[in-house]
Each structure stands twice: as C-alpha cells, then as structure tokens.
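Q: Residue numbers (the working numbering): 10 to 497.
All C-beta atoms in this analysis are idealised placements derived from N, C-alpha and C, irrespective of residue type, glycine included.
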C-alpha cells in the first residue's frame, strides 16, 4: 500500500513538473509577466479575481502589455488607452474571437452572439444589428418606449412620497422593460413573478462570472457543479432563464404579427433560411441570442443608472447644476428626447462622467486570437486569450486631467461646450464592441434626465455619509443603499 502511495505521489509530482516546464517554455514566447505556479498559475497572487488594482500593479512592473496565467492558460493583458487602441484596432480581425473554455461553454454552449465565433458569430451579430435597426433603435419609436418606462419609474418614485427607497428594483424594472419590449414584444409589471425570477437569475449569473467558482469550474467542472453553491446557483439560474425565454419563443409561434419584436424577426428568418446550408438560424441560437441580449441589455445600464443617482446624492452641487440646466432649456414637464443632449452640454457631460467614473465593467469580455498575430511588438500565437483593461483606459492619467475624481469638466471645453474624448471607451472597441451601445446611450440620457427633471435626490434623515465604494463582481455595483426622491 505504501508503495502505491509513493508511486502516485511521484506521478503527481512528475505531472506538475512537466506542466511547470511547459509553462516556462511558453513564457519565453509571450509578453513578460509574473512567474506562474503549477495548477494555479497566478490565481493565488490574484486572490482568484481579475481585479483592476492587481492589473495596475502588474503594469507598473511589466509595462502596458503583460501575461498572466489563469491555471495553466496564459492571458495577455492590455493596459492603458494607447495599448488598448492599438491592440484592438491594428489587428482587429485577429483578436475578434472568444475563448472556448469549459466555463464559457457552461454559460452559452458556444451559441448566440456573446461567446460564439467564426461564421456563426458574424451571421448572428449581423442579424442582431440589422434587426435592432428595423425595430427602431435610435429612432423616435424607440425613444417613445424609453420615455414610457421613464414615466413609470417617475410614478413609482412619486408614490414613495419622499421616503427612503432602494432604487435597485424599480431602476432594473425600467431598463428590463426596454429590452423586453424590443426582444419579447411586451413589458412586465413590477410585481410579475417572472420578471423577479429573471432579475434574480441575471444577478446569479453575473456573480458567478468573476468568482472563484468560475475558475474551479473551468478546471474541475464536475466538482464545481456538485459542491460549489455559487456554481449550482448559476446553473439553476441559467436553466430558469432559458426556460422562461423558451416559453416566450413558443408563445410567438403561429402569430401573424410576430415580426414586431426580435423573436418574431428571428422566427421569420429561420423559416426563410431552411434550405440554406450555410445558415446558423435555429432555436438554440435564438434562445441564446435572447439570453445574451437580456443579460447584457439589463445589467450594465441598470447598474450605471443606480450609480448615477448615488453620485447625485454624493455631489449635490453637480445635481443642482443639472437641475438648473434642465429647467433653463426644457422646463419642468417637456418629454426628454435624445437630440436634447445637444442643448444640454453640462448634463451630457455629467452622464459621460458617471460612465467613466463608475466604470462598471473593469475588464471587457475576453478576446481570443483566431490566428498568429502581433500586439505592441510582441508575437502572440493563435488561440491566446487577450484581456482589455477598460478601467486603465477610463482612468489613464495620460488622457484624463483628474482621473481619480468625479469631474464633469472632463467632457467640457473652456466655454462649457460638450467635447468627445477619445479615451472614453466604456463600450469597448474593435470588432467585439458592444452591439447595444446606441440603445444604452438612449436609455441613460432619457431616463437620467427624466428623473432629474422630476426629483431632487437626497440621503435619508440621519444618514450623514454617502458610501460610493463599489461591490466587486462581474459589474461593479453600488453598495446597498437607500435614497429619497423629493419631488421638485
């Protein structure tokens, strides 16, 4: 028995040594970075989280491009505006893939638009962009839908009569209904149990995606799904969300007016392309596309709006200036349109600064090299994961005068006119940039301005300080808080 144990220990040691030597050999072909350990890579140093503080520390040691190891997998990180811009645009086609790890397959099965690749991704993305245009994104019809949801949100807050309220559910409800109308063809009431289950599912899936459980699942999927609570919750939430979305898809079949939303257009496309051998339109991709759009279209915009309200409480002087500009230009009751941003330079600057300063997506979704390429002078082999540190772009001291301060002046010239900044990249850059950017811009502007037109946001009585320290997750959320919406 002792001999068998010794043999197993020696075998394990040999395998670890072989892995270590293989990693050292690969290191010589990649940008510099900290030495990885067998099994863990650099995960122990990272505390099993891709945190911007750690990335900044690595960049100060190794430069604007460096390599980290997630277990035995090398990951090339781009840091700062110049590195990100050059890396994502000079060889955009070569870095347009998504990694096909177990954890990402667990989330999407390689379907849909968020984590698919090659012909399938190109076809699904092209269809998604064309369909969103057909559905009126960027046009007056879409603005009317957002205005309607903003009106419901205002009424919800009016009903609180200035008492403390957690804005999470009503804000998420408003944003969810914008994307629901677009892809499902209807809105949810705030008491709808299906809506509450969808929101809970989105939270569980997002929490899983930047957790220790994610990395354990990538190496030991059976153990993770059987024993890790966060992984089990994510799996249950994925099943819940897919089941709800499949019910929506089934309810569309046979409808003569089905092409009034994304599902209807997709079902029509499936029927048209039945004889096309190169078509990728099927139920699995439809379900995953709806899943992707709902997940991406709810979480980020709702979180940004929650930060917006918290910052208005934290910076009452900024809130007052927004009120003054809105009152002077639009008055107290006119509907807000996206074109109004041209006449509201300060308010527009505040919204952009909220996005920059909150920076809710510290790290963009991972890219994957689809062929051998070169990034910032370093040869990068095919099948290498590339991470874009968005936080390092939005806080690059070479591009922002006061990167660590909330300062709407970043987007204003000396005469108070709004100015675009090249380093403002909250929606990423390159071929995989967010396809819902325009919709998100519309929602942020119309909903924020509508709320500011209607309310002054304050701390509840007895609360002296505003906590703006983010809760680390896949998106950086505000800490739990309440505020008071005082009608103006």
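What residue does the beta strand (DSSP E) around residue 494 start on, and which one ends it?
A: Looking up residue 494 in the chain shown gives position 485. Here the beta strand (DSSP E) through residue 494 covers 493-496.
Q: Could you say which of 428, 183 and 319 lies nearest to residue 474 if we only look at CA atoms?
A: Reading the chain shown from its first residue, position 465 is the one you call residue 474. Ranking the options by Cα distance to residue 474, first place goes to 319.
Q: Out of 497, 193 and 217, which one is the CA nearest neighbour of residue 296?
A: Locating residue 296 in the chain shown gives position 287, counting from the first residue. Checked all of 497, 193 and 217; the closest Cα to residue 296 is 193.
Q: Starting from residue 389, trace the alpha helix (DSSP H) both ways and give me its first and last residue.
A: By 1-based counting over the chain shown, the position of residue 389 is 380. That residue, residue 389, is in no alpha helix (DSSP H); its beta strand (DSSP E) goes 387-389.
Q: Exposed or buried, residue 182, counting other C-beta atoms within 10 Å across all chains shown (16 or more means buried)?
A: Locating residue 182 in the chain shown gives position 173, counting from the first residue. Buried, because 16 or more other Cβ atoms sit within 10 Å of the Cβ of residue 182.
Q: Can you give me the Cβ contacts of residue 167 inside the same chain, cut-off strictly under 7 Å, excluding the 5 residues immediately before and after it?
A: Locating residue 167 in the chain shown gives position 158, where the first residue counts as 1. The answer, listed in chain order, is 496.
Q: Where does the unbroken beta strand (DSSP E) through residue 83 begin, and where does it stop?
A: Position 74 of the chain shown, counted from the start, is the residue given in the question as residue 83. Here the beta strand (DSSP E) through residue 83 covers 82-88.
Q: Closest by CA to residue 493, which one among 471, 481, 478 and 466?
A: Residue mapping note: residue 493 aligns to position 484 of the chain shown, counting from 1. Selected option, being the one with the closest Cα: 466.
Q: Among 78, 84, 89 and 56, whose alpha-carbon lies nearest the alpha-carbon of residue 72?
A: Taking the chain shown and counting its residues from 1, one reaches residue 72 at position 63. For residue 72, the nearest C-alpha among the options comes from 89.
Q: Express the C-alpha separation of residue 96 and residue 234 in angstroms, rounding to a whole number.
A: On the chain shown, residue 234 is found 225 positions in, with the first residue counted as 1. On the chain shown, residue 96 is found 87 positions in, with the first residue counted as 1. Rounded to whole angstroms, residue 234 to residue 96 spans 36 Å at the Cα level.
Q: Have a look at the DSSP bridge pairing and note the partners of residue 377.
A: Within the chain shown, numbered from 1, the residue matching residue 377 stands at position 368. Beta-bridge pairing links residue 377 to 106 and 394.
Q: Among 237, 202 and 151, whose alpha-carbon lies nearest the alpha-carbon of residue 249?
A: As a first step, residue 249 is located in the chain shown; it is residue number 240 there, counting from the start. Among 237, 202 and 151, the Cα nearest to that of residue 249 is on 202.
Q: Find out if the Cβ-Cβ distance for the pair residue 272, residue 256 is shorter than 9 Å.
A: Here residue 272 refers to the residue found at position 263 of the chain shown. Here residue 256 refers to the residue found at position 247 of the chain shown. Cβ atoms of residue 272 and residue 256: not closer than 9 Å.
Q: Can you check whether the CB of residue 14 is closer than 9 Å to the CB of residue 219?
A: Within the chain shown, the letter at position 210 stands for residue 219. Within the chain shown, the letter at position 5 stands for residue 14. Contact flag unset, no.
Q: Measuring straight from C-alpha to C-alpha, what distance separates residue 122 and residue 414?
A: Looking up residue 122 in the chain shown gives position 113. Looking up residue 414 in the chain shown gives position 405. C-alpha separation (whole angstroms): 35 Å.
Q: Short of 8 Å in beta carbon distance, which residues of its chain neighbour residue 133, apart from the five on each side in sequence? Order them along the chain.
A: As a position in the chain shown, residue 133 is number 124, starting the count at 1. Around residue 133: 121, 122, 125, 289, 294 and 298.
Q: Which residue wins for smallest C-alpha separation from residue 94, given the options 445, 274, 405 and 33?
A: Along the chain shown, read from residue 1 onward, the residue named residue 94 stands at position 85. Selected option, being the one with the closest Cα: 405.
Q: Touch check for the stretch 434-450 and the stretch 355-371: three-plus C-beta pairs under 8 Å?
A: yes
Q: To the nearest whole angstrom, what separates the beta carbons of residue 402 and residue 359, a pair I think is in contact under 8 Å?
A: The sequence position of residue 402 within the chain shown is 393, counting from 1. The sequence position of residue 359 within the chain shown is 350, counting from 1. The C-beta distance from residue 402 to residue 359 rounds to 20 Å, too long to fall under 8 Å, and the pair is not in contact.
Q: Going by C-alpha to C-alpha distance, which of 411, 307, 445 and 364 sits closest to residue 179?
A: Translated into the one-based positions of the chain shown, residue 179 becomes position 170. Looking at 411, 307, 445 and 364, the one whose alpha-carbon comes closest to that of residue 179 is 307.
Q: Leaving aside the five residues before and after residue 190 along the sequence, list all residues of the same chain whose C-beta is less than 6 Å from its C-beta, in chain order.
A: Your numbering for residue 190 matches position 181 in the chain shown. Taken in chain order, the residues that qualify are 154 and 196.
Q: Comparing C-alpha positions only, which one of 446, 393, 277 and 439 sits nearest to residue 310?
A: The residue you call residue 310 lines up with position 301 of the chain shown. Among 446, 393, 277 and 439, the Cα nearest to that of residue 310 is on 446.
Q: Going by Cα to Cα distance, which pick from 379, 270 and 399 is closest to residue 60?
A: Taking the chain shown and counting its residues from 1, one reaches residue 60 at position 51. Per the Cα distances, 399.
Q: Going by C-alpha distance, which of 460, 379 and 386 is nearest residue 106?
A: In the chain shown, the residue the question calls residue 106 occupies position 97. Comparing Cα-Cα distances from residue 106 to each of 460, 379 and 386, the minimum goes to 379.
Q: Beta-carbon within less than 8 Å of residue 100's beta-carbon, same chain only, minus the 5 sequence neighbours each way: which residues are those?
A: As a first step, residue 100 is located in the chain shown; it is residue number 91 there, counting from the start. For residue 100, where only same-chain residues beyond five positions count, the Cβ hits under 8 Å are 382, 383 and 384.
Q: Let's see if you can read the secondary structure: which residues bound the alpha helix (DSSP H) around residue 446?
A: The count along the chain shown starts at 1 and reaches residue 446 at position 437. That run of the alpha helix (DSSP H) goes 446-463.
Q: Kindly indicate the opening and closing residues of the beta strand (DSSP E) around residue 409.
A: In the chain shown, residue 409 corresponds to position 400, counting from 1. Segment: none, residue 409 is in no beta strand (DSSP E) and carries neither H nor E.
Q: Run through the DSSP bridge pairs and tell me what residue 480 is partnered with.
A: As a working mapping, residue 480 is identified with position 471 in the chain shown. DSSP lists 486 as partners of residue 480.
Q: Mind listing, in chain order, the continuous alpha helix (DSSP H) runs of no fewer than 4 residues lying wholly within the stretch 181-229?
A: 202-217 and 221-228
Q: Residue 86 and residue 64 look like a contact to me (Cβ under 8 Å); what is the Cβ gap, rounded to whole Å?
A: For this step, residue 86 is matched to residue 77 along the chain shown. For this step, residue 64 is matched to residue 55 along the chain shown. The C-beta separation of residue 86 from residue 64 comes to about 6 Å, placing the pair in contact by the 8 Å criterion.
Q: Three or more beta-carbon pairs under 8 Å between the stretch 202-213 and the stretch 228-248, yes or no?
A: The stretch 202-213, when compared against the stretch 228-248, does touch it at the 8 Å Cβ threshold.
Q: Can you tell which of 392, 286 and 34 has its C-alpha closest to the C-alpha of residue 103?
A: Here residue 103 corresponds to residue number 94 of the chain shown, with the count starting at 1. The candidate whose alpha carbon is nearest that of residue 103 is 392.
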